[in-house]
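**Student:** Numbering (full-length UniProt numbering), first residue to last: 1 to 183. Glycine included, each C-beta is placed from N, C-alpha and C at the ideal position. I have a structure here, written as structure tokens, and I will follow up with some questions on it.
Take a look at the structure:
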């Protein structure tokens, strides 16, 4: 591209993989746009994680997830009949499950709901988790969505929840438990 701006989206349309033009509020665009938001939020969380060797494990995991989310975006932006240039595979889902298990083994078992928050990085990961959940809700309405993309989004939100808890624990931030309000 000669310039970053093309002016082709000025009328509210964008191109999917293969060149098909669709409105920017189509479910596919909503889904991959939300994945992009979450990916950016993960980038913000990474920027907030201290330069600490103990946290390198999580930083590497998050970087891998960022790369994987481009694969998810490719799946979500490719119409039926077009080739997915960066297909998602089950190994990426399995790797997420391994990440969850690795971090979760160090965490205290949940006994009740917790409120999102904690450290800046932890709160940011909680926000990324909610964005991934929104992407998952949007993706469900795409008729041709591949089961791997849905599974990855589902597992990714679980990973981000555990990652937020883990970074909060490593940062010495106490989890705030949900307490129902009694009137």
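(1) Thinking C-beta only, is residue 142 closer than 7 Å to residue 28?
(2) Do you know whose CA, among 182, 64, 170 and 131, lies nearest residue 106's CA?
(3) What residue from 83, 165 and 5 has the CA that sits closest to residue 118's CA?
(4) Give the DSSP-derived three-state secondary structure of residue 114 in the structure shown.
(5) Just list the alpha helix (DSSP H) runs in the stretch 90-161, keeping only unbroken ones of 4 residues or longer that don't cross its boundaries, in chain order.
(6) With a CB to CB cut of under 7 Å and the five nearest residues on each side skipped, what residues in its chain are close to residue 120?
(7) Taking 7 Å as the CB-CB cut-off, is residue 11 touching chain B?
(8) For the beta strand (DSSP E) holding residue 84, just list the boundary residues, first then last.
(9) Please state whether DSSP places residue 179 in a helix, a strand or coil.
(10) If you check the beta carbons only, do residue 160 and residue 128 fall under 7 Å apart?
(11) For residue 171, which of helix, strand or coil comes out of DSSP?
(12) Under three-state DSSP, which class holds residue 77?
(13) Can you tell which of 61, 108, 86 and 81 has the C-alpha that lies nearest to the C-alpha of residue 174?
(14) Taking DSSP's pairing of strands, which residues face residue 14 in a bridge?
(15) Using the Cβ count rule (16 or more neighbours within 10 Å means buried), how would you classify residue 126?
(16) Does the beta-carbon distance from residue 75 to residue 84 come in below 7 Å?
(17) Taking three-plus beta-carbon pairs below 8 Å as touching, is the stretch 82-100 in contact with the stretch 10-30?
**Tutor:** In brief:
(1) Going by C-beta atoms, residue 28 is nearer than 7 Å to residue 142.
(2) The shortest C-alpha to C-alpha distance from residue 106 to any of 182, 64, 170 and 131 is the one to 170.
(3) Per the Cα distances, 165.
(4) Strand at residue 114.
(5) Annotation note: the stretch 90-161 contains the following uninterrupted alpha helix (DSSP H) runs of length 4 or greater, listed N- to C-terminal: 90-104 and 120-140.
(6) Hits under 7 Å: 48.
(7) The structure shown has no chain B; it contains just one protein chain.
(8) No beta strand (DSSP E) contains residue 84, which DSSP labels as neither H nor E.
(9) In the three-state reduction of the DSSP assignment, residue 179 falls in the coil class, being assigned neither a helical nor a strand state.
(10) When the beta-carbon positions are compared, residue 160 and residue 128 come within less than 7 Å of each other.
(11) DSSP, reduced to helix, strand and coil, places residue 171 outside both helices and strands of the structure shown, so it counts as coil.
(12) Assigned with DSSP and collapsed to three states, residue 77 falls in coil, not helix or strand.
(13) The residue with the shortest Cα to Cα distance from residue 174 is 108.
(14) Under DSSP, residue 14 forms a beta bridge with 22.
(15) By the neighbour-count criterion, in which a residue is buried when 16 or more other Cβ atoms sit within 10 angstroms of its Cβ, residue 126 is buried.
(16) Contact: yes.
(17) Segments in contact, yes.
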